[in-house]
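Structure record follows, encoded as structure tokens.
Next comes the structure, spelled out in structure tokens:
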């Protein structure tokens with residue numbers, strides 16, 4: 001019984017994955033730099049957010065999340081989100097450091113090159129077939145269609 005309690009308390013008190021947290025903060029800073037508002041940047045960084053929230057789950061909770069229903073998965077992710085918010089409130093100095101580091105990475109020269117590349121890719125990306133406007137057939141230049149002047 002005591003051994004199970006020690007294992008459970010040890011899994012709850014593990015050091016969070018700082019790389020996942022930094023990636024989340026960096027994604028928010030990156031999307032903010034491209035002109036997204038705070039809420040929009042958070043929505044755009046959903047992949048990083050989910051990875052970071054899952055890092056706050058125990059290994060057992062993480063391993064079974066893929067088998068859960070949509071509702072149970074949302075409850076499990078909320079548990080990770082609550083742990084993240086608790087960690088953020090308990091460690092404001094680390095949070096400030098990681099956010100500053102993320103902003104430096106997002107605004108670094110290589111980040112601006114990446115932003116230009118992303119903007120170019122988005123701007124020149126072909127539309128899906130269902131969203132393309134219908135093409136008008138150009139008249140063919142056959143002998144029958146030519147007008148004599």
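Numbering (UniProt numbering), first residue to last: 1 to 149. Cβ atoms here follow ideal geometry from the backbone N, Cα and C, with glycine treated the same way.
Quick one: is residue 71 buried, meaning 16 or more other Cβ sit within 10 Å of its Cβ, or exposed?
For the purposes of this step, residue 71 is identified with residue 71 of the chain shown, where counting begins at 1. Classification for residue 71: exposed.
CA-to-CA distance, residue 88 to residue 54, given in whole angstroms
As a working note, residue 54 is residue 54 in the chain shown. As a working note, residue 88 is residue 88 in the chain shown. Going by the C-alpha atoms only, they are around 15 Å apart.
Is it a yes or a no for the region 52-67 touching the region 76-94, going by three-plus beta-carbon pairs under 8 Å?
yes
Check whether the Cβ atoms of residue 102 and residue 37 sit closer than 8 Å, and answer yes or no.
Indexing the chain shown from 1 puts residue 102 at position 102. Indexing the chain shown from 1 puts residue 37 at position 37. Cβ distance not < 8 Å, so residue 102 and residue 37 don't count as in contact.
Give every residue of the same chain whose Cβ lies closer than 6 Å to the Cβ of residue 62, excluding the five residues on either side of it in the sequence, and list them in chain order.
Here residue 62 is taken as the residue at index 62 of the chain shown, counted from 1. Same-chain partners within the cutoff: 54.
Rounded to whole angstroms, what's the CA-CA distance from residue 33 to residue 60? Just pull it up for me.
By 1-based counting over the chain shown, the position of residue 33 is 33. By 1-based counting over the chain shown, the position of residue 60 is 60. Taking the straight line joining both Cα atoms gives about 37 Å.
Where residue 82 sits in the DSSP three-state scheme
Here residue 82 refers to the residue found at position 82 of the chain shown. Three-state DSSP puts residue 82 in a helix.
Own chain residues within Cβ distance below 6 Å of residue 67, not counting five before or after:
One-based indexing of the chain shown puts residue 67 at position 67. Cβ neighbours of residue 67 beyond the five flanking positions: none.
Enumerate, from N- to C-terminal direction, the unbroken beta strand (DSSP E) stretches of 3 or more residues contained entirely within the region 8-42.
none
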